[in-house]
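Read the structure below first, then the notes.
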Amino acid sequence: MKLLKQNKIFHYRKRIPADLKDCFSNKIFIARSLQTSDLEFAKKKGETVDQTLEGIFKTIRKQRSFSTDVKYMKNFASDLILKRLPIKKRSQKKLNVCLIKIPTFEAPQSFSYFNSVPSLGLAYIAGSIREAGHNLQIVDAPGEAISQYKYFNTEHCKLWSHGLTKEEIVERINPDTDVIGLTNMFLHEWEFIRNLLKLLKQKHPNMTVVMGGETATAWWDYMFKNCPELDICVLGEGEDAMVGLLETLANGETLDSASSIAYRDRGKILTTERMQRIKNINDIALPAWDLFPIKDYLDYEYGSGVNRGRSLPMLSSRGCPFQCTFCSSPDMWTTRYFARDPSKVADEIEAYQKKYDVNNINFNDLTAVLTKKWIVEFCSVVLDRKLNFSWQLPSGTRSEAVDFEAAELLYKSGCRNFGYAPESGSPRMLNKIKKKVKIDSLITSLKSALKANLKTHANIIIGFPEEKIKDLFLTYKLVLKMAIAGLHGVSVMMFSPYPGSSYYKELKSRNKVTVDSTYIYSSLDRSGVSARSYSNHFNTRFITILQWIFLLSFFSLMYLVRPHRIFKHFKNFLKKNQETIMDQFLAEKFKQMKRKFSIKKINSTQ
Ligand code: B12
Ligand code: SF4
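Residue numbers (the working numbering): 58 to 663.
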């Protein structure tokens, strides 16, 4: 082991064992560096690296006996090194990075009513960038103008935009910024982002613009062609990829040495190999909420679930093992699923309670409830530590894993709202869309959840290309069955092929997807304002009418069977209390109505 002091950077080199050379691109050394002025500390770190490397070599040897594919082995080896080496390669140069959270958009003419929520994705990215030692600025459009609502005139319809305008965002960016980072989660955010980047590059042509998130991962091709101001897209899970990219930029290396990105190179759009997903998700730096203006989000009680007070979003797991054909998750996260250690999740909640006085957590997990074992463990930790908070699980593919015992435990530990996602009631369609859900077990689970006093919600999608009238009838039957069983609320959405989904790829290859503003705003739509049918059998009008029939039938039947719920909504509305999605809907729609009278009009498109 060699440690050389050089401008406060200690370089560490280890010779690669002869039998493993082909796994390391024929390099004879693994070289890392550590930025510190403390020789003792560097020595200790060096020793730990030595031990870790021996472990890594052992793992690679084991893996080699299973695989003789050199390319695969190279990726496997470099991935292990990246993930497990405790010394992180650091350039001397620290970059100035500015992360931007754009405003939130609502379509008040539809059922859409979502308020702004702190960006969990950006907070995670911020945590990792800070850990890597770069300088960070955050411009959080909703968080920095929490009571500002303006009209946003799109090519398609008039939306409301919550937060700073694009001019205000650009004004706030530190002129010394090297790298701008944005998140593009929703398709409907694209028009604003494109306008923002145009303005930003007019003022700061030398800043490098990096975009990540669900839509950027799936749609970079279209974005690069339609926005010359966009420089780089980070694909998939962002933490390691962004830190690696900053390292590449700081070192002045060419972009092909960074993983998991799409970028421009002399008129061409190129991509680099995707990194493997982070396996030890317990080690990912926690969201850097302290850098975000979350005080107002908390004081205004903004959150993605039912309003149960001061809320923060969290993840208890990453990824989803399923491959539903309408969903972009397999493309974004692959099908690898990792759950966090329940006690680490509880630690994080405890920290938020102490630091921010948070009393509700909304889990943003894709598939939060995968095994009963995890739920039991998590609830037990919460109960043992006597943590007092409410929590919500909006999406839950394997929610059927919840029986009465689990449901009771969920309630006792503070869980109040729980989502099911059957999507369809037709076994033929469930098979077609690869939704691994059994309707009978879902109904049994729903009854257990209701018995345990949980407030429940379910998501339905209609208008899949192959869906026939018989399938729609079966879905309608399911909707009615859930209403009788006592489900508290249902969302009935019209199918739209989101970028990254299998359906998108298939329909695009058959020229069935027209990318125009109707398409872009379809993701925001909830009641036919920006709808387009992709059905082989029914037109948009028919599906929109069905959407209304499904919703009206569900709620009429549900209230007919349980009329006391109407009084409960009324009481909750007057007391400004929320328990169910309907309570949230009524409160948010009332807020929207009041806003309509006070909103400042801006004539120019943002
Ligand atoms: C929680 C959630 C919500 C919450 C909170 C949303 C929010 N603003 O944070 C609520 C309930 C409010 C919500 C609402 C909606 N949602 Co939603 N939601 C999700 C869900 C399940 C998880 C998002 C999340 O927090 N993930 C965890 C974080 C850590 O991951 P992340 O944000 O992706 O960040 C990582 C990477 O993307 C990357 N990254 C992100 N940003 C950046 C930036 C940089 C610079 C870099 C380098 C990397 C990077 O690194 C991060 C860490 O690894 C996703 C599903 C999914 N696959 O993501 C759907 C999803 C995003 N929602 C979706 C939709 C359609 C909606 C609605 C439009 C539904 C509707 N019609 O009402 C509304 C719109 C609300 C609005 N007006 O803003 C779609 C979007 C599809 C699309 N292409 O547009 C998704 C993908 C689900 C799906 N497949 O259908 N949603
Ligand atoms: S819809 Fe849900 S279960 Fe299906 S792939 Fe997407 S996240 Fe997984």
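For every residue, glycine included, the Cβ atom is placed at its ideal position computed from N, Cα and C.
Just so it is clear, the structure is predicted and the values come from calculations on it, not from any experiment.
Beta-carbon proximity check, residue i vs residue j, cutoff 7 Å
i       : j       : result
Arg-652 : Tyr-129 : no
His-219 : Pro-160 : yes
Thr-575 : Arg-598 : no
Ala-540 : Leu-614 : yes
Pro-479 : Val-438 : no
Met-25  : Leu-239 : The shown model of the chain, from 58 to 663, leaves out residue 25, and the question about it has no answer.
Glu-523 : Lys-491 : no
Leu-507 : Gly-543 : yes
Ala-319 : Thr-305 : no
Leu-110 : Lys-71  : yes
Ser-566 : Thr-532 : no
Ser-447 : Arg-473 : yes
Asn-364 : Gln-635 : yes
Glu-457 : Leu-423 : no
Ala-180 : Pro-556 : no
Val-549 : Ile-517 : yes
Ala-515 : Val-547 : yes
Leu-152 : Leu-287 : no
For residue i, the three-state DSSP class (helix, strand or coil)
i       : result
Asp-235 : coil
Ile-406 : helix
Cys-290 : strand
Met-551 : strand
Glu-480 : strand
Cys-472 : strand
Phe-168 : coil
Ile-182 : helix
Leu-450 : strand
Pro-262 : coil
Gln-649 : helix
Pro-612 : Residue identity check: residue 612 is Phe in the sequence provided, not Pro. Reduced to three states, the DSSP call for Phe-612 is helix.
Glu-296 : helix
Ile-490 : coil
Ile-132 : Note on identity: in this sequence residue 132 is Asn, with Ile being the wrong assignment. Reduced to three states, the DSSP call for Asn-132 is helix.
Lys-151 : coil
Thr-424 : coil
Thr-161 : strand
Ser-386 : helix
Thr-222 : coil
Ser-661 : With a pLDDT of only 43 at Ser-661, under 50, the local geometry of the prediction cannot be trusted, and the value read off the model is given with reservation. If DSSP states are grouped into helix, strand and coil, Ser-661 belongs with coil.
Ala-275 : helix
Ile-230 : coil
Val-536 : helix
Asn-283 : helix
Any non-hydrogen atom of the ligand B12 closer than 6 Å to residue i Cβ
i       : result
Asn-421 : yes
Ser-185 : no
Gly-178 : yes
Met-264 : no
Lys-576 : It should be pointed out that residue 576 corresponds to Tyr in this sequence rather than to Lys. No, Cβ of Tyr-576 sits at least 6 Å from all heavy atoms of the ligand B12.
Met-371 : no
Gly-324 : no
Ser-587 : no
Ser-361 : yes
Ile-318 : no
Tyr-555 : yes
Ile-182 : yes
Ser-580 : yes
Cβ-heavy atom distance, residue i to the ligand SF4, below 6 Å
i       : result
Ser-386 : yes
Phe-243 : no
Cys-436 : no
Phe-552 : no
Phe-379 : yes
Exercise. Does the segment 549 to 561 come close enough to the segment 187 to 202 to have 3 or more Cβ pairs within less than 8 Å?
Worked result: no
Problem set entry | Contact the segment 564 to 575 vs the segment 627 to 638: 3+ CB pairs below 8 Å | no
Problem set entry | Inter-stretch contact at 8 Å, needing at least 3 Cβ pairs: the segment 412 to 422 / the segment 357 to 373 | yes
Exercise. Taking one C-beta from the segment 339 to 355 and one from the segment 481 to 489 each time, how about it: are there three or more such pairs within less than 8 Å?
Worked result: no
Exercise. Are at least three pairs of beta-carbons, each pair with one atom in the segment 321 to 335 and one in the segment 387 to 402, less than 8 Å apart?
Worked result: yes
Exercise. Any chance the segment 250 to 262 sits against the segment 222 to 229, with 3 or more Cβ pairs inside 8 Å?
Worked result: yes
Exercise. How do the segment 272 to 287 and the segment 175 to 186 stand: do at least 3 beta-carbon pairs fall below 8 Å, yes or no?
Worked result: no
Exercise. Can you find at least 3 beta carbon pairs, one from the segment 297 to 312 and one from the segment 101 to 109, that sit closer than 8 Å?
Worked result: no
Exercise. Is it a yes or a no for the segment 158 to 178 touching the segment 368 to 378, going by three-plus beta-carbon pairs under 8 Å?
Worked result: yes
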